[in-house]
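Residue numbers (the numbering used here): 129 to 438.
C-beta atoms are modelled at their ideal positions from N, C-alpha and C, and glycine is treated no differently.
One structure is given here, and the rest of the page talks about it.
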């Protein structure tokens with residue numbers, strides 16, 4: 129339980145993809161102007177965090193509503209309803225569809241009327257030009273962003289990503305930079321002008337919420353130890369070895385072992401897709417350095433700067 133302001137607390141949780149990559153999850157608690165509380169998203173907190181949450185909120189009795197703003201975060205809704213059963217349980221249409229047995233409030237948080245009920249304490253914004261939920265269940269770029277007026281802190285997941293890279297990858301990856309979701313292009317509505325509408329929304333948001341101090345976003349776990357050295361042969365930049373000691377380094381080692389065994393060059397490895405945000409994409413800047421020291425070109429259809437990815 130992290131107290132980020134006098135009236136704002138954030139809870140960090142673990143959520144692993146395939147049991148390996150921990151992309152994290154979160155929940156935020158805000159104190160309203162009337163002294164009571166709201167929860168943003170749901171996470172089944174345990175141990176000390178649970179004790180602190182119950183102590184601050186009078187054992188959950190002072191929580192007015194649990195507002196689930198991310199349509200794909202449905203796993204812990206039941207647990208949080210049980211913690212504060214008197215609180216209004218509000219979610220998106222997808223929450224209601226995937227947890228139909230819960231006593232959902234009549235309004236949905238993507239609707240302006242429901243958002244206006246909390247206008248004394250929160251501002252909401254939903255991206256234009258993209259679908260909140262797409263036909264592809266793997267695309268999670270849509271969500272409802274919430275900004276707490278008193279603290280100026282924004283709570284968001286997936287629409288914006290934050291990467292704090294571990295260990296030696298700090299040399300190659302920008303730290304704690306906001307990026308749009310990597311599947312954004314797949315979430316765009318199938319109509320002319322959708323991309324322009326999204327861009328206009330992003331510019332407007334950056335202007336209206338320019339004084340935001342903190343963006344709470346579940347992010348890839350970062351730890352600050354490790355070392356990595358890549359070895360390549362001249363003149364073609366063929367990978368021939370690596371020294372690696374780093375948290376979660378087995379994921380990098382798997383990629384590098386395969387590349388070395390097959391005689392893959394740095395340029396060829398860069399042609400592979402690197403999902404963002406992951407620690408694997410930290411290899412990209414190192415591979416570009418090898419390319420720069422050899423006559424082989426960078427792949428022409430890949431990005432060449434820090435955004436997007438590494």
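Remark: C-beta atoms of residue 230 and residue 194 do not approach each other more closely than 8 angstroms.
Assigned with DSSP and collapsed to three states, residue 311 falls in coil, not helix or strand.
If only complete runs of 4 or more residues are kept, the stretch 198-245 shows the alpha helix (DSSP H) at 205-211, 221-226 and 240-244, in order along the chain. Going by DSSP, residue 411 is part of the alpha helix (DSSP H) stretching over 411-420. Looking at the backbone, the Cα of residue 367 and that of residue 389 are separated by about 9 angstroms. Per DSSP, the beta-bridge partners of residue 137 are 131 and 157. Residue 251: member of the beta strand (DSSP E) spanning 250-253, first to last residue. DSSP, read as helix, strand or coil, puts residue 384 in helix. DSSP places residue 189 in the coil class of the three-state scheme, outside both helix and strand. If you compare the alpha carbons of 401, 130, 280 and 384 with that of residue 341, the shortest gap goes to 280.
Of the other Cβ atoms in all chains shown, fewer than 16 fall within 10 Å of the Cβ of residue 373; this residue is therefore exposed. In the DSSP annotation of this structure, the continuous segment of the beta strand (DSSP E) that includes residue 372 starts and ends at 366-373. In this structure, the straight-line span from the alpha carbon of residue 414 to that of residue 358 is close to 8 angstroms.
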